[in-house]
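For the sequence shown, position 48 matches number 48 in the UniProt record's numbering, and the numbering has no gaps at all.
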Amino acid sequence: MGSTFQLCKICAENDKDIRIEPCGHLLCTPCLTSWQDSEGQGCPFCRAEIKGTEQIVVDPFDPKRQHKAGSMGNLVDLDEDEEVAETSE
1 MGSTFQLCKI CAENDKDIRI EPCGHLLCTP CLTSWQDSEG QGCPFCRAEI KGTEQIVVDP
61 FDPKRQHKAG SMGNLVDLDE DEEVAETSE
């Protein structure tokens, strides 16, 4: 089953394409515009003051792409044939 993470949680029709700052909630531009036109105050999810917005692209989930946390907590891309050896320091 595919992921619906990229869909706007307000309309469930458009992909999320904007991030509200500073709270970081994601939604589609038409929903944010409609919310602001209806005199909605702040973020439609948490009501935090909107200090800015950032255009984003949410990539669809690809189950063939694997990620594994490295020892420093950062993500490392793995190919299907590649193995990672754990080391203790």
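Ideal placement from N, C-alpha and C gives every residue a C-beta, glycine not left out.
Since the model is a prediction, treat every value here as computed from it, not as a measurement.
When the alpha-carbon of A12 is set against those of T29, R65 and I50, the nearest one is in T29.
For T29, the enclosing alpha helix (DSSP H) stretches over residues T29 to D37.
Per DSSP, the unbroken beta strand (DSSP E) holding E21 starts and ends at I18 to E21.
Annotated three-state conformation of G42 is coil, per DSSP. When the beta-carbon positions are compared, E21 and K51 come within less than 8 angstroms of each other.
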